[in-house]
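I have placed the structure first, in the form of structure tokens, so that the comments after it can refer back to it.
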Amino acid sequence: MSELLDNKEAATKAVVDWMTKKSKTKTKFYFKDFYKVFPDDKPRLIKKVITKMVQDEVLEYWSSGSTTMYGLKGGGIQHSSEGEE
Amino acid sequence: MAKHETPLLDQLETGPWPSFVSDLKQQAEVRAKNEEGVEFQIPQDCVDDLLGVLELSYKHGRTHWKHGGIVGVFGYGGGVIGRYCDQPKMFPGVEHFHTMRVAQPAGKYYTTDYLKKLTKLWDFRGSGVTNMHGATGDIILLGTTTPQLEEVFWTMTHDYNQDLGGSGSNLRTPADCLGQSRCEYACYDSQALCHFLTNEYQDELHRPAFPYKFKFKFDACPNCCVASIARSDMSFIGTWKDDIRIDQDAVNKYVENDTAYPSNAGAHKGRDWGPFDIEKEVVALCPTDCMKFENKKLTIDTPNCTRCMHCINVMPRALKIGKDTGCSILCGAKAPILDGAQMGSLLVPFVEVNADNDYEKITEVIENIWDWWMEEGKNRERLGELIMRQGFQKLLEVTGIEAVPQHVSYPRSNPYIFWKEDEVEGGWDRDVEEYRKHHLR
């Protein structure tokens, strides 16, 4: 595991910064997009860290039913965008 | 009286088959009358509006459902699929109408008590409309609002000992046949393997990180009742290595048309098909011509038998599967979104199915494949598409499986052979000085 991925706070900051930088053009990301943030790490290790970020409510899932994407919590389309409270 | 006129849907009820339209109308009426006094947590007329939006879709020739959403239950990335109607003013009852997938029990064995509890919960917190085992195999609960999701999840997990199924870029709910619980053809305990892998890969089921969907399905024999060969990225089909067991006396009972030995286990006895003819109905239909019936004795050339099950299906009292049983693993089946539909390709011709070592031979293959697919698979690329793109040989490499004749589906069409360094004696390294002794610049 790389030092970046091993450091929870640094890893979270790297993910949030990267997603924020991209947020002008898109708000939902494929899991594979995180490989660019952690180029030296194996997918399964990245998954553990990203999953923790979902549990900590830094990130949230978006699902079409067939594909799942990740977004910053509260970013992009939300329940309220669809008229739900 | 119905809330919406549905002349187009009404036509669907005129066909010879049971109609889902009739079912929905019935459910709409049940909710309107509410004789059981249910305190509906979502609009009472949601099923009326569901019929209305479907009628409108038929009229317009396009869907009025939007696609996906962030709905889910805490900690899970699958099991809930957001569904929103794009005509909320016309059909407020289905403005938010999310789907929940519930993991079906192995072999689809339920108690009636369980089904009553489940439908009671869904009448209370959802539309009451279910789709028992659609294409995914799960119990599908159709239609509820976001606030109800956690409530349904809490009741299912705390009171019913019931988990959600998979959706999105997850391992999907593994599905199996009823296997050894009822079927004499079962070559391995499909329910035990399905249950074990469901527990073993909980993280993959509930927390999505795959490039796309991934499905396991388990058939305990080559009859493939679950159609795993066509419906799953990894298909586990029971098989055997030794001889089909033959009871010659029973074979002759079939030949003599003994009424206690109906062909096909009596499955076609509703009509007179004439006397049973072993030559025509069994021997001549063997796909590899590996059978003979001479002098009242049936023989099978085992090395040429592909275990298609036909002879066993026709004469189940006379023929039985072998005793040295296990399963074959096939990979890459998919529906025709890209590159057309594919059936699974045989990867492991035979592997033991051993619960005592936690199926380690099987989990090793699975995890090697996942590591490769997660690394190399493109977004929304199924395993079968990756195999097509990088080659079956690459699949063999990543799984550490040696090529065997069973992997060959057709003679090669490419005349070139690309050797890898480790396949060539001495590798690619050359002594340049030695070379220059014989070849001047």
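Chains as they are written, first to last, in this note's numbering: chain Z, 80 to 164; chain B, -13 to 427.
For every residue, glycine included, the Cβ atom is placed at its ideal position computed from N, Cα and C.
Tell me which residue opens and which closes the alpha helix (DSSP H) that residue i is part of.
i, result
"residue 147 of chain Z", "Looking at the DSSP string, residue 147 of chain Z is not in any alpha helix (DSSP H); the run it does join, the beta strand (DSSP E), is 147 to 151."
"residue 240 of chain B", "234 to 241"
"residue 176 of chain B", "176 to 186"
"residue 345 of chain B", "Neither: residue 345 of chain B is in no alpha helix (DSSP H) and is coded neither H nor E."
"residue 133 of chain Z", "122 to 134"
"residue 8 of chain B", "6 to 19"
"residue 373 of chain B", "369 to 376"
"residue 398 of chain B", "From DSSP, residue 398 of chain B is part of no alpha helix (DSSP H); its letter is neither H nor E."
"residue 106 of chain B", "98 to 111"
"residue 98 of chain Z", "87 to 101"
Can you name the start and end residues of the beta strand (DSSP E) that residue i belongs to?
i, result
"residue 290 of chain B", "Per DSSP, residue 290 of chain B belongs to no beta strand (DSSP E) and is neither H nor E."
"residue 325 of chain B", "Neither: residue 325 of chain B is in no beta strand (DSSP E) and is coded neither H nor E."
"residue 39 of chain B", "Here residue 39 of chain B belongs to no beta strand (DSSP E); instead the alpha helix (DSSP H) covers 32 to 46."
"residue 140 of chain Z", "138 to 142"
"residue 390 of chain B", "Element bounds for residue 390 of chain B: n/a, residue is neither H nor E."
"residue 317 of chain B", "311 to 317"
"residue 25 of chain B", "From DSSP, residue 25 of chain B is part of no beta strand (DSSP E); its letter is neither H nor E."
"residue 87 of chain B", "85 to 88"
"residue 277 of chain B", "277 to 280"
"residue 299 of chain B", "Careful: residue 299 of chain B lies outside any beta strand (DSSP E), inside the alpha helix (DSSP H) at 296 to 300."
Are the CB atoms of residue i and residue j nearer to each other than 9 Å?
i, j, result
"residue 112 of chain B", "residue 101 of chain B", "no"
"residue 136 of chain Z", "residue 149 of chain Z", "no"
"residue 80 of chain B", "residue 35 of chain B", "yes"
"residue 166 of chain B", "residue 177 of chain B", "yes"
"residue 151 of chain B", "residue 65 of chain B", "yes"
"residue 110 of chain Z", "residue 194 of chain B", "yes"
"residue 303 of chain B", "residue 236 of chain B", "yes"
"residue 125 of chain Z", "residue 113 of chain Z", "yes"
"residue 53 of chain B", "residue 135 of chain B", "no"
"residue 363 of chain B", "residue 372 of chain B", "yes"
Based on Cα-Cα distance, which residue from the options lies nearest to residue i?
i, options, result
"residue 175 of chain B", "B:324, B:190, B:340, B:119", "B:340"
"residue 154 of chain B", "B:316, B:231, B:87, B:229", "B:87"
"residue 80 of chain Z", "Z:152, Z:123, Z:99", "Z:123"
"residue 305 of chain B", "B:414, B:293, B:315", "B:293"
"residue 92 of chain B", "B:67, B:149, B:37", "B:149"
"residue 318 of chain B", "B:420, B:159, B:359", "B:359"
"residue 208 of chain B", "B:162, B:267, B:181", "B:162"
"residue 220 of chain B", "B:116, B:157, B:247", "B:157"
"residue 103 of chain B", "B:354, B:120, B:143", "B:143"
"residue 18 of chain B", "B:-9, B:109, B:-4, B:54", "B:109"
"residue 335 of chain B", "B:258, B:115, B:223", "B:223"
"residue 283 of chain B", "B:234, B:240, B:269, B:314", "B:234"
"residue 114 of chain B", "B:30, B:232, B:401, B:426", "B:30"
"residue 155 of chain Z", "Z:83, Z:82, Z:98, Z:88", "Z:98"
- Report yes or no: do three or more beta-carbon pairs, one from the segment 117 to 133 of chain Z and one from the segment 0 to 8 of chain B, lie closer than 8 Å? No, because fewer than three Cβ pairs between the segment 117 to 133 of chain Z and the segment 0 to 8 of chain B fall closer than 8 Å, the two stretches do not touch.
- Given 8 Å as the limit, is there contact between the segment 6 to 25 of chain B and the segment 92 to 105 of chain Z, that is, 3 or more CB pairs closer than that? Cβ pair count under 8 Å is below three, so no.
- Item | Residue ranges of each beta strand (DSSP E) within the segment 153 to 230 of chain B, 3 or longer | Within the segment 153 to 230 of chain B, the runs of beta strand (DSSP E) that reach at least 3 residues and sit entirely inside it are, in chain order, 202 to 205, 220 to 226.
- Query: Are the segment 355 to 373 of chain B and the segment 186 to 201 of chain B touching by the rule of at least three beta carbon pairs closer than 8 Å?
  - Reply: Result yes; three or more Cβ-Cβ pairs closer than 8 Å.
- Message: As an exercise, report each continuous alpha helix (DSSP H) stretch of at least 4 residues that is fully enclosed by the segment 238 to 271 of chain B, in chain order.
- Response: If you keep only unbroken alpha helix (DSSP H) runs of at least 4 residues inside the segment 238 to 271 of chain B, you get 264 to 267.
- Query: Given 8 Å as the limit, is there contact between the segment 47 to 61 of chain B and the segment 130 to 146 of chain B, that is, 3 or more CB pairs closer than that?
  - Reply: Short answer: they touch.
- Message: Check whether the segment 340 to 350 of chain B and the segment 178 to 187 of chain B touch, using three or more Cβ-Cβ pairs below 8 Å as the test.
- Response: Yes, since at least three Cβ pairs between the segment 340 to 350 of chain B and the segment 178 to 187 of chain B fall closer than 8 Å, the two stretches touch.
- Message: Any contact between the segment 269 to 280 of chain B and the segment 323 to 340 of chain B? By contact I mean 3 or more CB pairs, one from each, below 8 Å.
- Response: Because the criterion of three Cβ pairs below 8 Å is not met, the segment 269 to 280 of chain B and the segment 323 to 340 of chain B do not touch.
- For the segment 40 to 48 of chain B and the segment 11 to 18 of chain B, state whether three or more C-beta atom pairs, one from each stretch, are separated by less than 8 Å. The segment 40 to 48 of chain B vs the segment 11 to 18 of chain B: no contact.
- Counting Cβ pairs, one atom from each stretch, are 3 or more of them under 8 Å apart for the segment 280 to 288 of chain B and the segment 227 to 235 of chain B? Verdict: yes, contact present.
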